[in-house]
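Last residue of the sequence shown: number 269 in UniProt numbering, and the count goes up by one each step with no gaps. The C-beta atom is built at its ideal place from N, Cα and C for all residues, glycine as well. This structure is a prediction, so every number in the text was calculated from the model and none was measured. First the structure, in the form of structure tokens, and then the observations on it.
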Amino acid sequence: MLIKARRKQVDYFTAKRRHAYLFWGLLLLVTYAAAVLTQYDFVQGVSSIPGALVWGVTHFYPNAESLAKFPDVLRTLVETLLMSIAASTVASVFALVFALLGSQTIGVHAGIKLASRSIATIFRNIDVTAWSMILLFSFGQNVMTGYFALFFGSFGFLTRAFLESIDETGSHSAEALRATGAGYISIIFQSVIPAALPQLISWILFMIETNIRNATLIGILTGTGVGFLFNLYYKNLDYNAASLIVIVIVISILVIEFTSNYIRKVMIG
């Protein structure tokens with residue numbers, strides 16, 4: 001028996017090692033094929049890194065002239081932050097409604113559950129960049145295009161996250177209230193939402209952080225916010241002003257993340 005157990009153990013590690021070799025071999029093969037198809041030169045790419053670092057240090061930094069543009073940068077940054085927060089919070093309201101309708105725990109009808117989950121899946125699987133390009137044809141380059149792109153992306157993600165949170169935390173308390181004869185509305189507001197509220201708040205804060213990061217890229221596509229200003233300076237070869245925007249964005253993201261973590265500790269514990 002002991003010999004058989006040792007053989008099984010050896011066979012297990014041998015198979016695991018074989019799978020690892022196979023995985024890395026396929027990965028290297030795919031990487032090589034991609035390099036050949038794109039005509040990418042690894043040696044040239046690696047050798048250009050020192051030159052790129054030297055160029056960044058000597059050109060990509062704020063100077064006195066770029067600091068004079070700080071008020072414009074701050075104004076567009078505030079616009080981007082407010083748009084991200086508004087899209088996240090409004091999307092969370094709609095996501096909560098669809099999550100309650102599609103929940104396996106408290107959903108009212110199988111057809112409504114399927115429809116809610118299907119809508120959430122469609123919106124979640126379309127990236128915010130794709131939404132920006134789709135909406136660009138309808139609304140043009142303006143703030144509404146960026147707002148709706150963030151809204152649709154947030155709606156799909158939050159609906160799916162809320163569904164899992166409600167089904168995970170609200171099932172036992174909902175069954176207990178249902179056994180006492182409580183109505184549907186009472187179960188939602190006295191059991192399901194209070195039980196899932198900490199996770200819901202955490203997901204909303206996460207979505208706000210994510211949207212602030214995405215809003216910069218969306219601004220480049222939609223011609224709005226701090227992303228558009230960065231693209232404008234970069235295309236005009238004003239690298240000093242562009243670097244100022246990068247620094248301001250990084251600082252704002254760190255501040256937002258610190259603030260959201262503090263809110264989680266205070267409200268969630």
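Give the range of the alpha helix (DSSP H) segment to which residue i is assigned.
i    : result
S84  : 70–102
H59  : 49–59
P198 : 193–222
F137 : 128–139
I122 : 110–125
Answer with yes or no whether the minimum CB distance from residue i to chain C is below 9 Å.
i   : result
A95 : The chain inventory of the structure shown lacks chain C, comprising one protein chain alone.
Identify whether residue i lies in helix, strand or coil by the three-state DSSP scheme.
i    : result
Y21  : helix
T105 : coil
D167 : helix
N142 : coil
N236 : coil
N63  : coil
Q39  : coil
T259 : helix
L2   : With a pLDDT of only 49 at L2, under 50, the local geometry of the prediction cannot be trusted, and the value read off the model is given with reservation. Residue state, collapsed to three classes: helix.
For residue i, which of the options has the nearest alpha-carbon?
i           : options                : result
residue 270 : T216, F258, Y233       : Not covered by the structure: residue 270. The range shown for the chain is 1 to 269.
L163        : G140, Q190, A130, R124 : R124
V73         : L114, I251, N211       : I251
E65         : I49, F152, D238, R264  : D238
T145        : I218, R75, S48, I212   : I218
residue 279 : S186, K113, F152       : Outside the modelled stretch of the chain, which goes from 1 to 269, sits residue 279, for which no answer is possible.
A91         : A35, L200, A34, L26    : L200
S154        : E209, S260, N261, L26  : E209
G140        : T224, A33, P50         : T224
F98         : V54, I166, V226        : I166
S191        : V226, L100, L82        : L100
S243        : G227, V255, Q44, M83   : G227
I193        : F230, S84, V93         : V93
A95         : Y21, L205, T159        : T159
T129        : R213, V255, K69, Y40   : R213
T121        : S88, F157, Y147, A86   : F157
I85         : R264, K265, V266, S260 : S260
P198        : S116, L77, I263, Y234  : I263
S88         : I112, W203, L22        : W203
F70         : L229, V255, F258, N236 : L229
Q | Cβ contact (3+ pairs, closer than 8 Å) linking the segment 234–253 and the segment 58–75 | A | yes
Q.
Using 8 Å as the cut-off, can you tell me whether the segment 135–153 makes contact with the segment 95–114, which would need three or more C-beta pairs spanning the two stretches below that distance?
A. no
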